[in-house]
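Chains as they are written, first to last, in this note's numbering: chain A, 5 to 434; chain B, 5 to 434.
Note that beta-carbon positions come from the ideal geometry of N, C-alpha and C, so glycine has one too.
Just so it is clear, the structure is predicted and the values come from calculations on it, not from any experiment.
Input: a single structure, listed below in structure tokens.
Number of protein chains: 2
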Amino acid sequence: MTEALRVGIAGLGTVGAGTLKILTERADLLAERCGRAIKVVAVSARNKGKDRGIRLDGFKWVENPIELANDPAIDLIVENIGGSEGVARRLVEAALTNGKAVVTANKALIAHHGVQLARLAEEHNAVLAFEAAVAGGIPIIKSLRDGLSANRFRRIAGILNGTCNYILTTMWEAKYGFDEVLKDAQARGYAEAEPSFDIDGIDTAHKIAILASLAYGTPPAIDKVYVEGIRGIRLRDMEFADELGYAIKLLGVATMTERGLQQRVHPCMVRKDSPLGAVGGVYNAVQVEGDACGTVLFEGHGAGAGPTASSVVADILDIARGVNYKPLTLAVKTLKKINTVGMEALRCSYYLRLAVIDEPGVLAEITALFKKEKISLRSFIQHSHNPEETVQLVLTTHETPESAMLSAVKAIGALGSVTEPPCMIRIEHL
Amino acid sequence: MTEALRVGIAGLGTVGAGTLKILTERADLLAERCGRAIKVVAVSARNKGKDRGIRLDGFKWVENPIELANDPAIDLIVENIGGSEGVARRLVEAALTNGKAVVTANKALIAHHGVQLARLAEEHNAVLAFEAAVAGGIPIIKSLRDGLSANRFRRIAGILNGTCNYILTTMWEAKYGFDEVLKDAQARGYAEAEPSFDIDGIDTAHKIAILASLAYGTPPAIDKVYVEGIRGIRLRDMEFADELGYAIKLLGVATMTERGLQQRVHPCMVRKDSPLGAVGGVYNAVQVEGDACGTVLFEGHGAGAGPTASSVVADILDIARGVNYKPLTLAVKTLKKINTVGMEALRCSYYLRLAVIDEPGVLAEITALFKKEKISLRSFIQHSHNPEETVQLVLTTHETPESAMLSAVKAIGALGSVTEPPCMIRIEHL
Numbered sequence: 005m006t007e008a009l010r011v012g013i014a015g016l017g018t019v020g021a022g023t024l025k026i027l028t029e030r031a032d033l034l035a036e037r038c039g040r041a042i043k044v045v046a047v048s049a050r051n052k053g054k055d056r057g058i059r060l061d062g063f064k065w066v067e068n069p070i071e072l073a074n075d076p077a078i079d080l081i082v083e084n085i086g087g088s089e090g091v092a093r094r095l096v097e098a099a100l101t102n103g104k105a106v107v108t109a110n111k112a113l114i115a116h117h118g119v120q121l122a123r124l125a126e127e128h129n130a131v132l133a134f135e136a137a138v139a140g141g142i143p144i145i146k147s148l149r150d151g152l153s154a155n156r157f158r159r160i161a162g163i164l165n166g167t168c169n170y171i172l173t174t175m176w177e178a179k180y181g182f183d184e185v186l187k188d189a190q191a192r193g194y195a196e197a198e199p200s201f202d203i204d205g206i207d208t209a210h211k212i213a214i215l216a217s218l219a220y221g222t223p224p225a226i227d228k229v230y231v232e233g234i235r236g237i238r239l240r241d242m243e244f245a246d247e248l249g250y251a252i253k254l255l256g257v258a259t260m261t262e263r264g265l266q267q268r269v270h271p272c273m274v275r276k277d278s279p280l281g282a283v284g285g286v287y288n289a290v291q292v293e294g295d296a297c298g299t300v301l302f303e304g305h306g307a308g309a310g311p312t313a314s315s316v317v318a319d320i321l322d323i324a325r326g327v328n329y330k331p332l333t334l335a336v337k338t339l340k341k342i343n344t345v346g347m348e349a350l351r352c353s354y355y356l357r358l359a360v361i362d363e364p365g366v367l368a369e370i371t372a373l374f375k376k377e378k379i380s381l382r383s384f385i386q387h388s389h390n391p392e393e394t395v396q397l398v399l400t401t402h403e404t405p406e407s408a409m410l411s412a413v414k415a416i417g418a419l420g421s422v423t424e425p426p427c428m429i430r431i432e433h434l
Numbered sequence: 005m006t007e008a009l010r011v012g013i014a015g016l017g018t019v020g021a022g023t024l025k026i027l028t029e030r031a032d033l034l035a036e037r038c039g040r041a042i043k044v045v046a047v048s049a050r051n052k053g054k055d056r057g058i059r060l061d062g063f064k065w066v067e068n069p070i071e072l073a074n075d076p077a078i079d080l081i082v083e084n085i086g087g088s089e090g091v092a093r094r095l096v097e098a099a100l101t102n103g104k105a106v107v108t109a110n111k112a113l114i115a116h117h118g119v120q121l122a123r124l125a126e127e128h129n130a131v132l133a134f135e136a137a138v139a140g141g142i143p144i145i146k147s148l149r150d151g152l153s154a155n156r157f158r159r160i161a162g163i164l165n166g167t168c169n170y171i172l173t174t175m176w177e178a179k180y181g182f183d184e185v186l187k188d189a190q191a192r193g194y195a196e197a198e199p200s201f202d203i204d205g206i207d208t209a210h211k212i213a214i215l216a217s218l219a220y221g222t223p224p225a226i227d228k229v230y231v232e233g234i235r236g237i238r239l240r241d242m243e244f245a246d247e248l249g250y251a252i253k254l255l256g257v258a259t260m261t262e263r264g265l266q267q268r269v270h271p272c273m274v275r276k277d278s279p280l281g282a283v284g285g286v287y288n289a290v291q292v293e294g295d296a297c298g299t300v301l302f303e304g305h306g307a308g309a310g311p312t313a314s315s316v317v318a319d320i321l322d323i324a325r326g327v328n329y330k331p332l333t334l335a336v337k338t339l340k341k342i343n344t345v346g347m348e349a350l351r352c353s354y355y356l357r358l359a360v361i362d363e364p365g366v367l368a369e370i371t372a373l374f375k376k377e378k379i380s381l382r383s384f385i386q387h388s389h390n391p392e393e394t395v396q397l398v399l400t401t402h403e404t405p406e407s408a409m410l411s412a413v414k415a416i417g418a419l420g421s422v423t424e425p426p427c428m429i430r431i432e433h434l
């Protein structure tokens, strides 16, 4: 058996502590699986005294995590500090520069600095692995890189943020509004006190940018991702969605269109009996469409100590086995700059909910505006019919260009008979 | 860039031709992904003249596939001949002995001779890879080996045979009997003229034996798999299942029980809204339960040229990249002989359908026999009630030992008031 792989862990939050626990409590099994002992030698965190349910006295305690990167007795560093800048970034850069392997769950870091870090890893013959950065315990990064590597990818679509999926699922199941459910999720620890990162879609954007990079062999382009979160979703829209056969999910979607790569994060209506439509609660799922494999679905826990640490430790075992993939699969110099397209290139079906004064001629006004943009309507729902009161009018369209739809929605929103800003949700056919 | 990886393909049926097509039509993309050109240099099949939709004139044609194993101009052999013995086995043995890499979709070969072939591969420092042997385009073998390698596995349960799943799905959707649907599946090419291998569960047994071997680090033990196929399933049972909230699926299940590894293939009732319950048609799906990752589901196409070739080519790219996993993940000498247990160790809930003469006292007789075996009933359905006629009586039990259930069923089947052999189906909680 080769020498032990010596690990330093920076950050002992949920994932760091979970990783430490797995590495220590099943050391023999892991050594058997990778042919080599994995030995945690040093740890670093903000608060040494905090009760994490694990004894730390067998490990060297390091106050400044950067020291781990300079310790010749460490081969691999697990970065669990988080954030795209600051200590996390400096630690990873220093470790790679010193030829040490780095395993991280830090999607912001990879989405923003993936290319720079990959180049650093290549220059110093170091490994940089981040399976845990996307979809927790689901091995989606390895699957895109290895298992599905024969494919040209048509689309990658995923429920990539457990907080959002929990909120949307709970709104629908408990029939509560967004704000109430968010508060409840915060109380349960499913959402952060500052929830913007999750509910405004930023976290999902990081993840889809990483998946798109791997699938299409291009640098992660987080600034090219269209991002729209779930704050605008009303329970009422879920009820209409259900009536139309849909569920509302926050999806990250990467598609190769004729004009280039499109990446977007926004609430979608998806058939409720489709694989992604059926994924509830804190679960994550990714649907990969390849030209050889067809559609492959991966579903599992997207967060939490066990699932995320499962992926962190899997990366560690890979490295112990000597697997040395390029961080972004392709060597940095062969990454392609490919055209990217924004939402103007999208064609899809749309759901539109309007609050209108129920008086004769309103529907005619609205349909005239659709006609003007050459948008073909698919269905129409109006539940109550109380003259002179505000009623909810729901329309769905056939496939239509986003630009035409936006023009129509703008014009419709300006009508005197429309009493609230229109609610538009894209329908994704999966 | 390193020298090209030179490939010989033996067998040009669906999978072989699909592999050849992918390797030739996107050679540049694949070379980019693995950092090395993949070059098909020779092919072998039974019939040179057959139209496969691909030109073969650029490749050396070899009549006897074994010659590929002895050709110094070949680095890797794709074995698509099939069968656990004969030419396929001799070819793989010869290739590994000569230090050549082998990629195969041959589950029978791996399930029966996996250990011997893995040993041969180790001795000659050759790679043996078989992602395509289980679940077609779903990267389940790599996921067990790499992505989920941090886990202790509680259970692996899968819909692993597309033919069976197609038959069961079609019976239910079209409301046809087993024999009719089998004939239809044969006409469509979804079932073989000699369908026993699929519908009697043998193919599923090969696959679950391979997955169990990888998950539990033990030699594949095909002779320890309990196997029961789907010939006995009636549409009537599907209707009752649906009424009870279940769908009927042929599952391969491997579980680590307290007393040892249990492997079984049989029809199961699973909640119709569970991930596996919702998998229809020719799709395959595997549910992996790990102690760290939790439940992870993989779903995709289990067969066909594209999906299977997708996995074959993924293995080829791995080998081109220099990835050198042990064929059974662990080195042969570290594979563990673990206790195996048979169906006598199973505890589950059961569905039992009885055709009984509807006369007073019958139910009392039956429930007395359940009571004698200390089996607790969970539900009871009897649709019609026409005195003196045969009626269908359906019972489900709480969790109970298989042995007690079999005794009860035997005694119930012997009752004068029971007019047909009882139909017992196990209920799997997923």
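query, result
"Can you check which of these residues, B/E363, B/C297 and B/G304, is closest to A/A136 by C-alpha distance?", "B/C297"
"Using 10 angstroms around the beta-carbon of B/W176, count the other beta-carbons present and answer buried if the total reaches 16, otherwise exposed.", "buried"
"Report the residue from A/D277, A/I203 and A/Q267 whose alpha carbon sits nearest the alpha carbon of A/A2.", "Since the first residue shown for chain A is 5 and the last is 434, residue 2 of chain A is missing from the structure and cannot be characterised."
"Comparing C-alpha positions only, which one of A/G140, A/V413 and A/T423 sits nearest to A/T394?", "A/T423"
"Just how far apart, CA to CA, sit A/C105 and A/V131?", "One point to set straight first is that residue 105 of chain A is Ala, not Cys, in the sequence displayed. When rounded, the distance between both Cα atoms is 5 Å."
"Could you tell me which uninterrupted beta strand (DSSP E) segments, each at least 3 residues in length, are contained entirely in the region 338-365 of chain B, listed from first to last along the chain?", "351-361"
"Nearest CA to the CA of A/L121: which residue from A/R263, A/L373, A/E83 and A/V96?", "A/V96"
"Based on Cα-Cα distance, which residue from B/G90, B/I13, B/G86 and B/A213 lies nearest to B/A73?", "B/I13"
"Find out if the Cβ-Cβ distance for the pair B/L16, B/A46 is shorter than 8 Å.", "no"
"For chain C, is any of its Cβ atoms less than 8 Å away from the one on A/H305?", "Going by chain labels, chain C is absent from the structure shown, which instead holds the protein chains A and B."
"Identify every run of the beta strand (DSSP E) within the region 61-103 of chain A, keeping only runs that are complete inside it and at least 3 residues long; order them along the chain.", "80-83"
"With 9 Å as the limit, tell me which residues of the region 74-85 of chain B have their beta carbon closer than that to any beta carbon of chain A; keep them in chain order.", "none"
"My output table needs one value for A/T400: the three-state DSSP class, helix, strand or coil.", "strand"
"If you measure from the beta carbon of A/V286 to each beta carbon in chain B, is any gap under 8 Å?", "no"
"Could you please give me the residues that DSSP links to A/R275 through a beta bridge?", "A/Y250"
"Measuring only the C-alpha atoms, how far is A/T23 from A/A309?", "8 Å"
"Are A/E262 and A/M347 close, meaning C-beta to C-beta below 8 Å?", "no"
"Give a yes or no on whether the minimum CB-CB distance between B/D32 and chain A is below 8 Å.", "no"
"Give a yes or no on whether the minimum CB-CB distance between A/L146 and chain B is below 8 Å.", "The identity of residue 146 of chain A in the sequence shown is Lys, whereas the question assumes Leu. With 8 Å as the cut-off, A/K146 counts as an interface residue toward chain B."
"Go ahead and pull the three-state DSSP assignment for B/T394.", "strand"
"Using alpha carbons as the reference points, say which of B/H387, B/R382 and B/A415 lies closest to B/I431.", "B/R382"
"Within 10 angstroms of the Cβ of B/K414, are there 16 or more other Cβ atoms? Answer buried if so, exposed if not.", "exposed"
"For A/S388, does the count of other Cβ atoms within 10 angstroms reach 16, so buried, or fall short, so exposed?", "exposed"
"Measuring CA to CA, which of A/L399, A/G417 and A/L334 is closest to A/E247?", "A/L399"
"Provide the residue span of the alpha helix (DSSP H) that contains B/Y170, from first to last.", "G166 to A178"
"Between which two residues does the beta strand (DSSP E) carrying A/L301 extend?", "G298 to H305"
"Would the beta-carbon of A/A21 fall within 8 Å of that of A/R59?", "no"
"Sorted by chain position, which residues of the same chain lie with C-beta nearer than 6 Å to A/N169's C-beta, five sequence neighbours on each side aside?", "I163"
"Distance, Cα to Cα, B/T222 vs A/A216?", "37 Å"
"Please classify A/N68 as buried or exposed, where buried requires at least 16 neighbouring CB atoms within 10 angstroms.", "exposed"
"Could you give the distance in angstroms between the alpha-carbon of A/I160 and the alpha-carbon of B/A109?", "26 Å"
"Determine whether the beta carbon atoms of A/K211 and A/Q267 lie at a separation below 8 Å.", "no"
"Secondary structure at A/V336, three-state DSSP: helix, strand or coil?", "helix"
"Name the two residues that bound the continuous alpha helix (DSSP H) containing A/V131.", "It is not in any alpha helix (DSSP H) - A/V131 carries neither H nor E in the DSSP assignment."
"Whole-angstrom Cβ separation of B/L334 and A/E36, contact assumed at under 8 Å?", "6 Å"
"What are the start and end residues of the alpha helix (DSSP H) that includes B/G12?", "No alpha helix (DSSP H) contains B/G12, which is instead part of the beta strand (DSSP E) from L9 to A14."
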